[in-house]
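The sequence shown begins at 0 in numbering that gives the first Met the number 0 and counts up one residue at a time. Each residue gets a CB set at the ideal place from its N, CA and C atoms; glycine is no exception. First the structure, in the form of structure tokens, and then the observations on it.
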Amino acid sequence: MSDTVQVERHDDIAIISLHRTEKRNALRLQDWIAVGKTFDDLGEDDDVRCIVLRGAGEEAFCAGADITNFEAERSDRKKVKVYEAATDRAFLGVRNSRHPVIAMIHGFCIGGGFELALAADLRISGESGRFGVPAKNIGLFLGYHLVQYLVDAGGRAVAAEILLEGRAISAAEAVSKNLLTRVVPDKDLEEEVMKAARRIAEGAPQSHHYHRKALERLTDPRPLSRAELEAQFDYADSDDYLAGFKAFKDRKKPKFRGF
């Protein structure tokens, strides 16, 4: 598989680190496959409550795809389809993760690395963050659903600016364009992310599930169906809901079991 993608656990928080520091954590085909598989595997783990995705080293979150491997991995239509099946699995692994995902960003967050971050629920960046999608420089089309991630985060005008100009922007500019959740000094980044992850992990998994599902569904302009409207009351039949309001009444910390 790949030793680029590494996982460590801090109780119920899983931390996925991208380790190719000599390449600013740029990913090869085998690495994209490993990212997708890692998210699939963590989705089967009932003990995980939140996932943090980060880059190793001091320079980068992820510089995207390793273009130096394109001749071998992505040089014709057939190879591109195989390659993009792997990247799609990685992006959708983040986007559709069973557990909430925080992208912890420092330094370069470019191309496919930016798309990985955009697929996460929260994007918390250090002030050193640099963001961009320079696909135009190599004649590459990002693909519809990846363009959609940009549109969902920043709107059509911002997506057009990022894609057509292809320039790198600072963390301060990125947060002003709604592409980030928040920006903190680099020295505070890990502490801030882990505090956010802890707040998420302490919440009811089913509450996160329904809210994330609603956020995804409401990007679709179609009216909600009767079944969808009825399903919004499913939480009321759960043990976690009962545990939550009873603990609040008793001034105790709730113990959520999840699904």
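Integer Cβ distance of residue i from residue j, believed to fall under 8 Å
i: residue 311; j: residue 213; result: Because residue 311 is not part of the residues shown, which for the chain are 0 to 258, the question remains open.
i: residue 3; j: residue 40; result: Not quite, the Cβ-Cβ distance comes to about 15 Å (not below 8 Å), so this is no contact.
i: residue 55; j: residue 18; result: 4 Å
i: residue 116; j: residue 102; result: 4 Å
i: residue 1; j: residue 38; result: Contact flag wrong, Cβ pair sits at about 14 Å.
i: residue 129; j: residue 167; result: 5 Å
i: residue 182; j: residue 200; result: At roughly 23 Å, the Cβ-Cβ gap does not stay under 8 Å, so residue 182 and residue 200 are not in contact.
i: residue 85; j: residue 32; result: 5 Å
Which listed residue (the options) has its alpha carbon closest to that of residue i
i: residue 220; options: 151, 156 and 183; result: 151
i: residue 164; options: 190, 131, 172 and 174; result: 131
i: residue 45; options: 76, 12 and 87; result: 12
i: residue 35; options: 58, 87 and 78; result: 87
i: residue 207; options: 16, 49, 102 and 33; result: 49
i: residue 184; options: 75, 5 and 104; result: 104
i: residue 148; options: 215, 168, 229 and 22; result: 215
i: residue 137; options: 42, 70 and 153; result: 70
i: residue 210; options: 154, 174, 172 and 233; result: 233
Buried or exposed by the 16-neighbour rule on C-beta atoms within 10 Å, applied to residue i
i: residue 110; result: buried
i: residue 143; result: exposed
i: residue 140; result: exposed
i: residue 65; result: buried
i: residue 24; result: buried
i: residue 218; result: exposed
i: residue 204; result: buried
i: residue 9; result: exposed
i: residue 230; result: exposed
i: residue 99; result: buried
i: residue 22; result: buried
i: residue 124; result: buried
i: residue 145; result: buried
i: residue 250; result: exposed
Same chain, Cβ closer than 6 Å to residue i, neighbours up to 5 away in sequence not counted
i: residue 157; result: 176
i: residue 27; result: 65 and 68
i: residue 127; result: 105, 106 and 185
i: residue 260; result: Any question about residue 260 goes unanswered here, given that the chain covers just 0 to 258.
Cutoff 7 Å; reference residue i; Cβ partners in own chain excluding five residues on either side
i: residue 82; result: 28, 72 and 73
i: residue 238; result: 256
i: residue 94; result: 118
8 Å CB neighbourhood of residue i in its chain, flanking five on each side removed
i: residue 134; result: 110, 140, 141, 162 and 165
Checklist entry - If you scan the segment 58–116 from start to end, which runs of the alpha helix (DSSP H) of 4 or more residues do you find wholly inside it? => result 69–72 and 76–94
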